[in-house]
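So the structure is just underneath, and the comments pick up after that.
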Amino acid sequence: MEQAIQVLKSLDIPVLEPGQEEYRRAIATSNLLFRFSRPDCVIRPKNAIQVQAIIKEARSRSIKVTIKGNGHSYAGHSTAFSGISLDLRGMKNRLLLWMLDVSGGDVYETLVSGKHDKFVVNGGRCPTVGVSGFILGGGLGPFSRSFGMGSDTLLEATLVTASGDLVTVKRTDDKDSKEGKLFWAIRGAGGGNFGVLVQMKLKVQELSNRYGMVVAGRYQWFPQGGFTDGIISTMNDFYVTKWPNKLTIDTTWMCELTKNTPNGIRFNVTFDGSKDEYARLIDKHIQHPELKEQLKRRVLPEKSTRFLYETLAAQWLEETERAYPEKKTYELYSSFIFKNNDRAVISKVTSIIRDLMTAFRNDFRGEQVNFLATWIHSGGKAASEKPTESAFFWREAVFHTYITVEWIDKWMERDMRLFLAKVKRELRPLSLNGTAAFINFPDRDFPTQFHEKAYFGDNSDELRRVKQLWDPDYFFKWTQGVRRPGDPDKVVRDMDDEDKTDQLASEQWAQQWKYYEVKDIQDDLEDLADLGYGEED
(Lines of atoms letter the chains of each structure in order from A and count residues from 1; the text may use other names and numbers.)
(Lines give C-alpha, C1' and ligand atoms only; values in the text may rest on other atoms or scores of the structure.)
Protein backbone atom coordinates (compact mmCIF):
# COMPACT_ATOMS: atom_id res chain seq x y z
CA MET A 1 0.00 0.00 0.00
CA GLU A 2 2.81 2.43 0.85
CA GLN A 3 4.28 2.01 -2.62
CA ALA A 4 0.91 2.61 -4.26
CA ILE A 5 0.42 5.76 -2.20
CA GLN A 6 3.80 7.09 -3.23
CA VAL A 7 3.13 6.37 -6.90
CA LEU A 8 -0.22 8.19 -6.77
CA LYS A 9 1.23 11.14 -4.88
CA SER A 10 3.92 11.45 -7.54
CA LEU A 11 1.10 11.91 -10.07
CA ASP A 12 -0.22 14.85 -8.02
CA ILE A 13 -3.30 12.88 -6.93
CA PRO A 14 -4.60 14.02 -3.51
CA VAL A 15 -4.07 11.23 -0.96
CA LEU A 16 -5.14 11.47 2.68
CA GLU A 17 -3.59 9.15 5.25
CA PRO A 18 -4.33 8.19 8.87
CA GLY A 19 -3.13 10.82 11.29
CA GLN A 20 -4.15 13.74 9.07
CA GLU A 21 -7.03 15.94 10.19
CA GLU A 22 -8.52 15.97 6.68
CA TYR A 23 -8.43 12.15 6.65
CA ARG A 24 -10.51 12.06 9.84
CA ARG A 25 -13.07 14.40 8.31
CA ALA A 26 -13.15 12.40 5.07
CA ILE A 27 -14.02 9.12 6.80
CA ALA A 28 -16.55 10.62 9.24
CA THR A 29 -19.98 8.99 9.12
CA SER A 30 -23.29 9.82 10.78
CA ASN A 31 -24.11 6.13 11.35
CA LEU A 32 -22.15 5.05 14.41
CA LEU A 33 -22.33 1.40 13.35
CA PHE A 34 -19.43 2.31 11.04
CA ARG A 35 -17.61 4.53 13.54
CA PHE A 36 -14.35 2.54 13.46
CA SER A 37 -14.01 2.37 9.69
CA ARG A 38 -10.41 3.11 8.79
CA PRO A 39 -9.30 2.65 5.18
CA ASP A 40 -5.57 2.65 4.49
CA CYS A 41 -6.05 5.94 2.68
CA VAL A 42 -8.62 8.28 1.16
CA ILE A 43 -7.97 9.36 -2.42
CA ARG A 44 -9.76 12.34 -3.93
CA PRO A 45 -9.23 12.44 -7.70
CA LYS A 46 -9.82 15.65 -9.59
CA ASN A 47 -10.58 14.15 -12.99
CA ALA A 48 -11.12 10.94 -14.95
CA ILE A 49 -7.43 10.57 -15.82
CA GLN A 50 -6.59 10.42 -12.14
CA VAL A 51 -9.34 7.85 -11.55
CA GLN A 52 -7.78 5.70 -14.26
CA ALA A 53 -4.38 5.90 -12.58
CA ILE A 54 -5.88 4.93 -9.22
CA ILE A 55 -7.74 1.90 -10.61
CA LYS A 56 -4.71 0.68 -12.56
CA GLU A 57 -2.42 1.02 -9.57
CA ALA A 58 -4.89 -0.66 -7.20
CA ARG A 59 -5.51 -3.48 -9.64
CA SER A 60 -1.80 -4.13 -10.19
CA ARG A 61 -1.31 -4.50 -6.43
CA SER A 62 -4.63 -6.25 -5.62
CA ILE A 63 -5.76 -3.38 -3.38
CA LYS A 64 -9.45 -3.14 -2.55
CA VAL A 65 -11.19 0.04 -3.77
CA THR A 66 -14.44 1.30 -2.22
CA ILE A 67 -16.21 3.94 -4.31
CA LYS A 68 -17.74 6.85 -2.42
CA GLY A 69 -20.07 9.28 -4.18
CA ASN A 70 -21.34 11.21 -1.16
CA GLY A 71 -21.32 8.58 1.59
CA HIS A 72 -25.11 8.33 1.75
CA SER A 73 -25.48 4.53 1.56
CA TYR A 74 -27.93 3.33 4.24
CA ALA A 75 -25.98 0.08 4.54
CA GLY A 76 -22.54 1.69 4.57
CA HIS A 77 -21.61 0.26 1.16
CA SER A 78 -19.70 3.45 0.35
CA THR A 79 -17.80 3.28 3.65
CA ALA A 80 -14.34 1.74 3.30
CA PHE A 81 -13.00 -0.49 6.06
CA SER A 82 -9.65 -1.21 4.40
CA GLY A 83 -7.75 -0.43 1.21
CA ILE A 84 -8.62 2.73 -0.71
CA SER A 85 -11.63 4.94 -0.13
CA LEU A 86 -12.12 6.48 -3.58
CA ASP A 87 -13.83 9.75 -2.68
CA LEU A 88 -15.39 11.34 -5.77
CA ARG A 89 -16.79 14.44 -4.10
CA GLY A 90 -14.13 16.61 -5.74
CA MET A 91 -15.42 15.74 -9.25
CA LYS A 92 -18.76 17.56 -9.10
CA ASN A 93 -18.22 19.35 -12.39
CA ARG A 94 -18.68 16.19 -14.44
CA LEU A 95 -22.47 16.28 -14.81
CA LEU A 96 -24.03 17.49 -18.05
CA LEU A 97 -27.66 18.59 -18.20
CA TRP A 98 -28.91 17.90 -21.69
CA MET A 99 -31.40 20.39 -23.22
CA LEU A 100 -29.90 23.33 -21.33
CA ASP A 101 -26.30 22.93 -22.52
CA VAL A 102 -24.92 23.54 -19.04
CA SER A 103 -22.66 21.56 -16.76
CA GLY A 104 -22.33 21.36 -13.03
CA GLY A 105 -22.08 19.04 -10.06
CA ASP A 106 -24.78 20.31 -7.74
CA VAL A 107 -27.73 19.72 -10.04
CA TYR A 108 -30.26 21.81 -8.16
CA GLU A 109 -27.84 24.71 -7.77
CA THR A 110 -27.14 24.61 -11.51
CA LEU A 111 -30.82 24.96 -12.33
CA VAL A 112 -31.42 27.61 -9.67
CA SER A 113 -28.43 29.80 -10.46
CA GLY A 114 -29.26 29.63 -14.16
CA LYS A 115 -32.84 30.77 -13.41
CA HIS A 116 -34.19 27.79 -15.33
CA ASP A 117 -37.81 28.04 -14.22
CA LYS A 118 -40.08 25.26 -15.45
CA PHE A 119 -37.18 22.78 -15.68
CA VAL A 120 -36.28 20.07 -13.20
CA VAL A 121 -34.02 17.05 -13.08
CA ASN A 122 -35.14 13.83 -11.46
CA GLY A 123 -32.83 14.04 -8.47
CA GLY A 124 -32.96 12.73 -4.92
CA ARG A 125 -35.28 13.85 -2.17
CA CYS A 126 -32.50 14.40 0.34
CA PRO A 127 -29.99 17.17 -0.50
CA THR A 128 -27.08 14.97 0.61
CA VAL A 129 -27.72 12.21 -1.96
CA GLY A 130 -24.88 11.77 -4.45
CA VAL A 131 -26.12 11.95 -8.04
CA SER A 132 -24.04 8.99 -9.28
CA GLY A 133 -25.29 6.52 -6.68
CA PHE A 134 -28.82 7.86 -7.14
CA ILE A 135 -28.81 7.24 -10.90
CA LEU A 136 -26.99 3.90 -10.79
CA GLY A 137 -29.49 2.48 -8.29
CA GLY A 138 -32.53 3.58 -10.28
CA GLY A 139 -33.25 6.87 -8.57
CA LEU A 140 -36.54 7.82 -6.90
CA GLY A 141 -37.26 11.55 -6.78
CA PRO A 142 -40.24 13.84 -6.20
CA PHE A 143 -40.88 13.86 -9.97
CA SER A 144 -40.36 10.16 -10.72
CA ARG A 145 -44.11 9.67 -11.10
CA SER A 146 -44.12 12.45 -13.70
CA PHE A 147 -40.99 11.59 -15.69
CA GLY A 148 -39.79 8.10 -14.73
CA MET A 149 -36.94 6.81 -12.61
CA GLY A 150 -33.77 8.87 -12.43
CA SER A 151 -31.98 6.19 -14.44
CA ASP A 152 -34.63 6.57 -17.17
CA THR A 153 -33.33 10.09 -17.80
CA LEU A 154 -29.73 8.94 -18.32
CA LEU A 155 -28.59 9.54 -21.89
CA GLU A 156 -24.86 8.91 -21.67
CA ALA A 157 -22.31 7.81 -19.09
CA THR A 158 -18.53 7.61 -18.94
CA LEU A 159 -16.90 5.06 -16.65
CA VAL A 160 -13.44 3.94 -15.69
CA THR A 161 -13.72 0.17 -15.98
CA ALA A 162 -11.94 -2.57 -14.02
CA SER A 163 -9.20 -2.61 -16.68
CA GLY A 164 -8.60 1.12 -16.16
CA ASP A 165 -10.07 2.03 -19.56
CA LEU A 166 -12.24 5.12 -20.04
CA VAL A 167 -15.47 3.96 -21.69
CA THR A 168 -18.51 5.98 -22.78
CA VAL A 169 -21.87 4.25 -23.24
CA LYS A 170 -25.03 5.82 -24.65
CA ARG A 171 -28.74 5.23 -24.90
CA THR A 172 -28.25 4.96 -28.68
CA ASP A 173 -25.79 2.04 -28.42
CA ASP A 174 -26.88 -1.26 -29.95
CA LYS A 175 -28.58 -3.12 -27.11
CA ASP A 176 -26.81 -6.35 -28.08
CA SER A 177 -23.36 -4.76 -28.14
CA LYS A 178 -20.96 -4.88 -25.22
CA GLU A 179 -21.49 -1.14 -24.68
CA GLY A 180 -25.26 -1.47 -24.96
CA LYS A 181 -25.31 -4.18 -22.33
CA LEU A 182 -23.27 -1.99 -19.98
CA PHE A 183 -25.63 0.95 -20.49
CA TRP A 184 -28.53 -1.40 -19.66
CA ALA A 185 -26.80 -2.61 -16.50
CA ILE A 186 -25.82 0.74 -15.00
CA ARG A 187 -29.45 1.85 -14.98
CA GLY A 188 -30.53 0.17 -11.77
CA ALA A 189 -27.82 -2.28 -10.66
CA GLY A 190 -26.36 0.12 -8.10
CA GLY A 191 -22.86 1.54 -7.84
CA GLY A 192 -19.54 -0.24 -7.54
CA ASN A 193 -20.29 -3.11 -9.93
CA PHE A 194 -18.96 -2.28 -13.39
CA GLY A 195 -16.69 0.72 -12.98
CA VAL A 196 -16.29 4.21 -11.57
CA LEU A 197 -18.82 6.64 -13.01
CA VAL A 198 -16.99 9.88 -13.85
CA GLN A 199 -19.42 11.71 -16.15
CA MET A 200 -23.13 11.61 -16.97
CA LYS A 201 -25.50 13.29 -19.35
CA LEU A 202 -29.04 13.58 -17.98
CA LYS A 203 -32.18 14.76 -19.72
CA VAL A 204 -33.72 17.80 -18.04
CA GLN A 205 -37.51 17.59 -17.72
CA GLU A 206 -40.03 20.33 -18.44
CA LEU A 207 -42.91 20.79 -16.01
CA SER A 208 -46.43 20.75 -17.39
CA ASN A 209 -47.39 23.91 -15.50
CA ARG A 210 -46.93 26.66 -18.08
CA TYR A 211 -45.81 29.16 -15.44
CA GLY A 212 -43.08 26.88 -14.14
CA MET A 213 -44.80 26.48 -10.78
CA VAL A 214 -44.65 23.61 -8.30
CA VAL A 215 -47.09 23.07 -5.43
CA ALA A 216 -45.20 21.64 -2.48
CA GLY A 217 -45.52 21.31 1.25
CA ARG A 218 -45.22 19.27 4.37
CA TYR A 219 -47.64 18.30 7.14
CA GLN A 220 -47.04 16.27 10.29
CA TRP A 221 -50.23 14.65 11.54
CA PHE A 222 -50.56 13.47 15.13
CA PRO A 223 -54.15 12.17 15.17
CA GLN A 224 -56.14 12.63 18.36
CA GLY A 225 -56.34 9.23 20.00
CA GLY A 226 -53.46 7.79 17.99
CA PHE A 227 -53.66 5.21 15.21
CA THR A 228 -57.28 4.18 15.68
CA ASP A 229 -59.11 1.88 13.27
CA GLY A 230 -60.54 4.98 11.62
CA ILE A 231 -57.09 6.49 11.06
CA ILE A 232 -55.78 3.22 9.66
CA SER A 233 -58.77 3.03 7.30
CA THR A 234 -58.03 6.60 6.15
CA MET A 235 -54.44 5.68 5.39
CA ASN A 236 -55.53 2.53 3.55
CA ASP A 237 -57.80 4.71 1.40
CA PHE A 238 -54.87 7.04 0.78
CA TYR A 239 -52.50 4.25 -0.30
CA VAL A 240 -54.94 2.51 -2.68
CA THR A 241 -55.97 5.78 -4.39
CA LYS A 242 -54.96 6.07 -8.06
CA TRP A 243 -53.34 9.47 -7.76
CA PRO A 244 -52.47 11.27 -11.03
CA ASN A 245 -48.88 11.06 -12.19
CA LYS A 246 -48.33 14.77 -11.54
CA LEU A 247 -48.83 14.27 -7.79
CA THR A 248 -46.33 12.66 -5.42
CA ILE A 249 -47.08 12.31 -1.71
CA ASP A 250 -44.49 10.57 0.44
CA THR A 251 -45.43 9.53 3.96
CA THR A 252 -43.45 8.57 7.03
CA TRP A 253 -44.98 6.81 10.02
CA MET A 254 -43.11 8.09 13.07
CA CYS A 255 -42.59 6.41 16.43
CA GLU A 256 -39.91 8.68 17.86
CA LEU A 257 -39.22 8.07 21.53
CA THR A 258 -36.19 10.39 21.39
CA LYS A 259 -38.56 13.32 20.80
CA ASN A 260 -41.14 12.17 23.36
CA THR A 261 -43.94 12.77 20.84
CA PRO A 262 -46.97 10.58 20.08
CA ASN A 263 -47.03 8.41 16.98
CA GLY A 264 -47.69 10.41 13.84
CA ILE A 265 -47.48 10.51 10.05
CA ARG A 266 -45.54 13.03 7.99
CA PHE A 267 -46.74 13.95 4.47
CA ASN A 268 -44.38 15.45 1.86
CA VAL A 269 -46.23 16.81 -1.17
CA THR A 270 -44.97 17.65 -4.67
CA PHE A 271 -47.43 18.55 -7.43
CA ASP A 272 -46.74 19.63 -11.00
CA GLY A 273 -49.81 21.84 -11.39
CA SER A 274 -51.81 24.67 -9.84
CA LYS A 275 -52.90 24.94 -6.23
CA ASP A 276 -56.57 24.91 -7.21
CA GLU A 277 -56.10 21.71 -9.17
CA TYR A 278 -54.27 20.15 -6.21
CA ALA A 279 -57.04 21.20 -3.81
CA ARG A 280 -59.66 19.55 -6.01
CA LEU A 281 -57.69 16.29 -5.93
CA ILE A 282 -57.47 16.36 -2.14
CA ASP A 283 -61.19 17.11 -1.83
CA LYS A 284 -61.97 14.21 -4.15
CA HIS A 285 -59.80 11.55 -2.54
CA ILE A 286 -59.40 12.45 1.16
CA GLN A 287 -62.46 12.00 3.36
CA HIS A 288 -61.00 12.66 6.81
CA PRO A 289 -61.87 16.34 7.55
CA GLU A 290 -58.72 17.23 9.53
CA LEU A 291 -56.33 15.57 7.09
CA LYS A 292 -58.14 17.08 4.11
CA GLU A 293 -57.96 20.59 5.56
CA GLN A 294 -54.29 20.39 6.55
CA LEU A 295 -53.09 18.85 3.29
CA LYS A 296 -54.64 21.81 1.48
CA ARG A 297 -53.38 24.43 3.95
CA ARG A 298 -49.80 23.19 4.29
CA VAL A 299 -48.72 23.72 0.68
CA LEU A 300 -47.56 26.69 -1.35
CA PRO A 301 -47.29 27.28 -5.10
CA GLU A 302 -43.82 28.47 -6.03
CA LYS A 303 -41.47 28.76 -8.98
CA SER A 304 -39.59 25.54 -9.66
CA THR A 305 -36.26 27.26 -8.98
CA ARG A 306 -37.52 28.47 -5.61
CA PHE A 307 -38.81 24.96 -4.89
CA LEU A 308 -35.36 23.52 -5.59
CA TYR A 309 -33.57 26.23 -3.64
CA GLU A 310 -35.86 26.66 -0.67
CA THR A 311 -38.45 23.94 -0.35
CA LEU A 312 -36.02 21.05 -0.57
CA ALA A 313 -33.89 22.61 2.13
CA ALA A 314 -36.86 23.37 4.40
CA GLN A 315 -39.13 20.44 3.63
CA TRP A 316 -36.35 17.90 4.05
CA LEU A 317 -34.24 19.72 6.60
CA GLU A 318 -34.88 16.87 8.99
CA GLU A 319 -33.45 14.42 6.45
CA THR A 320 -30.32 16.54 6.13
CA GLU A 321 -29.94 16.74 9.89
CA ARG A 322 -30.35 12.97 10.09
CA ALA A 323 -27.57 12.54 7.54
CA TYR A 324 -25.13 14.88 9.28
CA PRO A 325 -26.43 15.33 12.83
CA GLU A 326 -24.55 17.00 15.64
CA LYS A 327 -25.54 14.05 17.81
CA LYS A 328 -24.90 10.95 15.74
CA THR A 329 -26.94 7.77 16.02
CA TYR A 330 -26.72 4.07 15.28
CA GLU A 331 -28.99 3.12 12.36
CA LEU A 332 -30.32 0.01 10.61
CA TYR A 333 -32.53 -0.11 7.53
CA SER A 334 -34.51 -2.50 5.39
CA SER A 335 -36.83 -1.91 2.43
CA PHE A 336 -39.96 -3.42 0.91
CA ILE A 337 -41.91 -2.86 -2.29
CA PHE A 338 -45.70 -2.72 -2.56
CA LYS A 339 -48.29 -2.27 -5.26
CA ASN A 340 -51.59 -0.61 -4.39
CA ASN A 341 -54.10 -2.67 -6.38
CA ASP A 342 -54.87 -5.01 -3.48
CA ARG A 343 -56.42 -3.31 -0.48
CA ALA A 344 -56.13 -6.50 1.56
CA VAL A 345 -52.32 -6.44 1.27
CA ILE A 346 -52.09 -2.72 2.06
CA SER A 347 -54.38 -3.24 5.07
CA LYS A 348 -52.13 -6.02 6.37
CA VAL A 349 -49.06 -3.81 6.00
CA THR A 350 -50.54 -0.80 7.81
CA SER A 351 -51.97 -3.04 10.55
CA ILE A 352 -48.58 -4.67 11.08
CA ILE A 353 -46.82 -1.30 11.25
CA ARG A 354 -49.33 0.01 13.78
CA ASP A 355 -48.97 -3.07 15.99
CA LEU A 356 -45.19 -2.95 15.75
CA MET A 357 -45.17 0.72 16.76
CA THR A 358 -47.35 -0.07 19.75
CA ALA A 359 -44.97 -2.87 20.78
CA PHE A 360 -41.93 -0.65 20.17
CA ARG A 361 -43.28 2.10 22.38
CA ASN A 362 -44.21 -0.33 25.15
CA ASP A 363 -41.01 -2.39 25.02
CA PHE A 364 -38.60 0.54 24.88
CA ARG A 365 -40.39 3.11 26.99
CA GLY A 366 -37.90 5.68 28.25
CA GLU A 367 -35.13 4.63 25.83
CA GLN A 368 -33.52 6.89 23.22
CA VAL A 369 -34.76 4.95 20.20
CA ASN A 370 -36.84 5.62 17.06
CA PHE A 371 -38.79 3.48 14.59
CA LEU A 372 -39.90 4.96 11.25
CA ALA A 373 -41.66 3.52 8.20
CA THR A 374 -41.26 5.72 5.11
CA TRP A 375 -43.45 5.16 2.05
CA ILE A 376 -41.80 6.67 -1.04
CA HIS A 377 -44.47 7.25 -3.68
CA SER A 378 -43.59 5.68 -7.03
CA GLY A 379 -45.56 4.30 -9.94
CA GLY A 380 -46.83 6.57 -12.70
CA LYS A 381 -44.19 7.10 -15.38
CA ALA A 382 -41.69 5.15 -13.27
CA ALA A 383 -43.73 2.06 -14.15
CA SER A 384 -43.93 2.82 -17.89
CA GLU A 385 -40.93 0.73 -19.00
CA LYS A 386 -40.82 -3.05 -18.95
CA PRO A 387 -38.80 -4.63 -16.09
CA THR A 388 -36.28 -5.96 -18.62
CA GLU A 389 -35.68 -2.60 -20.36
CA SER A 390 -33.07 -1.68 -17.77
CA ALA A 391 -31.48 -3.29 -14.72
CA PHE A 392 -34.10 -1.67 -12.48
CA PHE A 393 -36.59 -4.51 -12.27
CA TRP A 394 -39.37 -3.51 -9.87
CA ARG A 395 -41.46 -1.43 -12.28
CA GLU A 396 -44.71 -2.54 -10.64
CA ALA A 397 -43.83 -0.65 -7.47
CA VAL A 398 -46.18 2.05 -6.26
CA PHE A 399 -44.50 2.39 -2.87
CA HIS A 400 -40.89 1.76 -1.94
CA THR A 401 -41.20 1.47 1.82
CA TYR A 402 -38.12 1.54 3.98
CA ILE A 403 -37.89 0.89 7.70
CA THR A 404 -35.49 2.74 9.95
CA VAL A 405 -34.53 1.88 13.52
CA GLU A 406 -32.10 4.19 15.25
CA TRP A 407 -30.72 4.49 18.73
CA ILE A 408 -28.26 6.58 20.74
CA ASP A 409 -26.94 4.13 23.37
CA LYS A 410 -24.69 1.48 21.82
CA TRP A 411 -25.89 -1.12 24.33
CA MET A 412 -29.27 -1.09 22.56
CA GLU A 413 -27.92 -2.68 19.37
CA ARG A 414 -29.02 -6.25 20.16
CA ASP A 415 -32.57 -5.13 20.99
CA MET A 416 -32.79 -3.01 17.84
CA ARG A 417 -31.48 -5.83 15.63
CA LEU A 418 -33.99 -8.28 17.07
CA PHE A 419 -36.81 -5.77 16.63
CA LEU A 420 -35.90 -5.08 12.99
CA ALA A 421 -35.68 -8.83 12.38
CA LYS A 422 -39.27 -9.11 13.60
CA VAL A 423 -40.33 -6.30 11.25
CA LYS A 424 -38.71 -8.12 8.32
CA ARG A 425 -40.30 -11.47 9.21
CA GLU A 426 -43.75 -9.87 9.16
CA LEU A 427 -43.39 -7.55 6.14
CA ARG A 428 -41.11 -9.46 3.76
CA PRO A 429 -43.79 -11.99 2.66
CA LEU A 430 -46.01 -9.05 1.66
CA SER A 431 -43.32 -7.40 -0.49
CA LEU A 432 -43.49 -8.06 -4.25
CA ASN A 433 -42.61 -11.69 -5.01
CA GLY A 434 -42.06 -12.15 -1.28
CA THR A 435 -38.52 -10.84 -1.77
CA ALA A 436 -38.44 -7.39 -3.37
CA ALA A 437 -36.27 -4.58 -2.01
CA PHE A 438 -34.81 -1.37 -3.46
CA ILE A 439 -31.03 -1.26 -3.85
CA ASN A 440 -30.91 2.47 -3.06
CA PHE A 441 -32.49 1.58 0.32
CA PRO A 442 -30.20 -1.38 1.03
CA ASP A 443 -30.26 -3.81 3.94
CA ARG A 444 -26.73 -4.77 4.93
CA ASP A 445 -28.01 -7.86 6.72
CA PHE A 446 -29.61 -9.60 3.74
CA PRO A 447 -28.42 -13.22 3.53
CA THR A 448 -25.73 -13.46 0.86
CA GLN A 449 -27.75 -15.87 -1.29
CA PHE A 450 -30.75 -13.50 -1.22
CA HIS A 451 -29.72 -9.97 -2.16
CA GLU A 452 -29.53 -10.33 -5.96
CA LYS A 453 -33.09 -11.64 -6.26
CA ALA A 454 -34.29 -9.02 -3.78
CA TYR A 455 -32.72 -6.10 -5.63
CA PHE A 456 -32.66 -7.28 -9.25
CA GLY A 457 -35.45 -9.86 -9.55
CA ASP A 458 -35.39 -11.71 -12.86
CA ASN A 459 -32.63 -9.42 -14.16
CA SER A 460 -30.06 -11.10 -11.87
CA ASP A 461 -28.72 -13.60 -14.42
CA GLU A 462 -28.29 -11.01 -17.17
CA LEU A 463 -26.48 -8.71 -14.76
CA ARG A 464 -24.07 -11.53 -13.96
CA ARG A 465 -23.37 -11.96 -17.67
CA VAL A 466 -22.65 -8.23 -18.03
CA LYS A 467 -20.36 -8.48 -15.01
CA GLN A 468 -18.42 -11.24 -16.77
CA LEU A 469 -18.07 -9.03 -19.85
CA TRP A 470 -16.74 -5.98 -18.07
CA ASP A 471 -15.13 -7.27 -14.88
CA PRO A 472 -14.15 -10.92 -15.48
CA ASP A 473 -11.51 -10.86 -12.72
CA TYR A 474 -14.01 -9.57 -10.13
CA PHE A 475 -12.03 -6.42 -9.25
CA PHE A 476 -15.12 -4.49 -8.17
CA LYS A 477 -16.21 -6.85 -5.41
CA TRP A 478 -18.38 -6.01 -2.43
CA THR A 479 -20.85 -7.73 -0.12
CA GLN A 480 -24.04 -7.05 -2.07
CA GLY A 481 -22.58 -6.48 -5.51
CA VAL A 482 -23.31 -8.23 -8.78
CA ARG A 483 -21.43 -11.52 -9.07
CA ARG A 484 -20.32 -13.47 -12.15
CA PRO A 485 -22.01 -16.54 -13.65
CA GLY A 486 -21.02 -19.56 -11.63
CA ASP A 487 -19.95 -17.62 -8.53
CA PRO A 488 -21.37 -19.37 -5.46
CA ASP A 489 -24.65 -18.08 -4.10
CA LYS A 490 -23.42 -18.46 -0.55
CA VAL A 491 -19.97 -17.02 -0.06
CA VAL A 492 -19.92 -16.52 3.71
CA ARG A 493 -21.73 -18.00 6.68
CA ASP A 494 -24.95 -16.10 7.24
CA MET A 495 -25.48 -15.24 10.90
CA ASP A 496 -28.61 -14.66 12.89
CA ASP A 497 -29.42 -11.01 13.55
CA GLU A 498 -28.52 -11.33 17.22
CA ASP A 499 -25.11 -12.77 16.32
CA LYS A 500 -24.35 -9.60 14.33
CA THR A 501 -24.52 -7.42 17.42
CA ASP A 502 -21.28 -5.42 17.64
CA GLN A 503 -19.82 -7.49 14.77
CA LEU A 504 -19.11 -4.49 12.53
CA ALA A 505 -17.57 -2.41 15.29
CA SER A 506 -15.42 -5.32 16.49
CA GLU A 507 -14.14 -6.07 12.99
CA GLN A 508 -13.41 -2.41 12.33
CA TRP A 509 -11.62 -2.06 15.68
CA ALA A 510 -9.50 -5.12 14.98
CA GLN A 511 -8.60 -3.75 11.55
CA GLN A 512 -7.64 -0.43 13.08
CA TRP A 513 -5.25 -2.06 15.54
CA LYS A 514 -3.88 -4.28 12.80
CA TYR A 515 -2.86 -1.08 11.01
CA TYR A 516 -1.01 0.16 14.08
CA GLU A 517 0.70 -3.21 14.60
CA VAL A 518 2.00 -3.21 11.02
CA LYS A 519 3.05 0.40 11.37
CA ASP A 520 4.92 -0.37 14.60
CA ILE A 521 6.79 -3.23 12.89
CA GLN A 522 7.72 -0.94 10.00
CA ASP A 523 8.94 1.73 12.43
CA ASP A 524 11.00 -0.86 14.34
CA LEU A 525 12.63 -2.05 11.10
CA GLU A 526 13.48 1.52 10.17
CA ASP A 527 15.02 2.09 13.62
CA LEU A 528 17.11 -1.09 13.28
CA ALA A 529 18.22 -0.04 9.81
CA ASP A 530 19.40 3.27 11.23
CA LEU A 531 21.53 1.26 13.66
CA GLY A 532 23.08 -0.75 10.85
CA TYR A 533 20.96 -3.92 11.04
CA GLY A 534 19.40 -5.48 7.93
CA GLU A 535 16.03 -7.29 7.67
CA GLU A 536 17.80 -10.68 7.83
CA ASP A 537 19.06 -9.78 11.33
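Residue numbers in the sequence shown follow the numbering used here, run continuously in steps of one, and reach 597 at the last position.
Ideal Cβ positions, reconstructed from N, Cα and C, are used throughout, including at glycine.
- In this structure, the straight-line span from the alpha carbon of residue 274 to that of residue 311 is close to 19 Å.
- In this chain, residue 466 is not harboured by any alpha helix (DSSP H); it is covered by the beta strand (DSSP E) spanning 459–467.
- Annotated as proximal: residue 199 and residue 209, with beta-carbon spacing under 7 Å.
- Note on geometry: alpha-carbon atoms of residue 283 and residue 315 lie some 13 Å from one another.
- Taking each of 139, 270, 324 and 534 in turn and checking the Cα distance to residue 177, the smallest one comes out for 270.
- Residue 241 is a Cβ neighbour of residue 526, given a cutoff of 7 Å.
- Between residue 256 and residue 227, the alpha-carbon positions lie close to 10 Å from each other.
- Straight through space, the alpha carbons of residue 86 and residue 429 are spaced by roughly 27 Å.
- Classified as buried, residue 441 has 16 or more neighbouring CB atoms from the shown chains inside 10 Å of its CB.
- The beta carbon of residue 103 lies closer than 8 Å to those of 68, 73, 74, 75, 76, 114, 144, 145, 146 and 147 in the same chain, with the five residues before and after it left out.
- In the DSSP secondary-structure assignment, residue 435 is bridged to 311 and 461.
- Residue pairing by DSSP places residue 560 in no beta bridge whatsoever.
- If you check the CB distance, residue 213 and residue 253 do not come in under 7 Å.
- CA-CA distance, residue 218 to residue 232, rounds to 14 Å.
- Per DSSP, reduced to three states, the secondary structure at residue 85 is helical.
- Distances from the CA of residue 90 to each of 389, 419 and 363 were compared; the closest alpha carbon is that of 389.
- Rounded to the nearest whole angstrom, the C-alpha separation of residue 347 and residue 435 is 20 Å.
- Residue 112 is not a Cβ neighbour of residue 277, given a cutoff of 7 Å.
- Residue range 324–331 is occupied by the beta strand (DSSP E) that includes residue 324.
- Under the Cβ criterion (8 Å, minimum of three pairs), the region 521–537 does not count as touching the region 455–463.
- Residue 246 and residue 206 have their C-alpha atoms spaced approximately 22 Å apart.
- Distance from the Cα of residue 505 is smallest, within the candidate group 468, 393 and 483, for 393.
- In the three-state DSSP reduction, residue 147 falls in the strand class (E or B).
- DSSP places residue 77 in no beta strand (DSSP E); its state is neither H nor E.
- A contact is defined here as three or more CB-CB pairs under 8 Å, and the region 469–483 fails this definition with respect to the region 532–544.
- Between residue 251 and residue 196, the C-beta spacing is below 7 Å.
- At a Cβ-Cβ threshold of 7 Å, residue 306 and residue 324 do not count as neighbours.
- Sixteen is the threshold: when 16 or more other Cβ atoms of the shown chains lie within 10 Å of the Cβ of residue 364, as they do, the residue is buried.
- Under DSSP, residue 280 shares a beta bridge with 326.
- Comparing C-alpha distances from residue 491 to each of 479, 481, 508 and 457 shows the shortest one belongs to 457.
- Judged by DSSP secondary structure, residue 299 falls outside any beta strand (DSSP E) and instead within the alpha helix (DSSP H) spanning 289–300.
- Residue 397 is bridged by DSSP to 460.
- Restricted to the region 449–522, the alpha helix (DSSP H) segments that are unbroken, complete and at least 4 residues in length are 473–487 and 511–516, listed in chain order.
- For residue 313, the closest alpha carbon among the candidates 409, 479 and 84 is that of 409.
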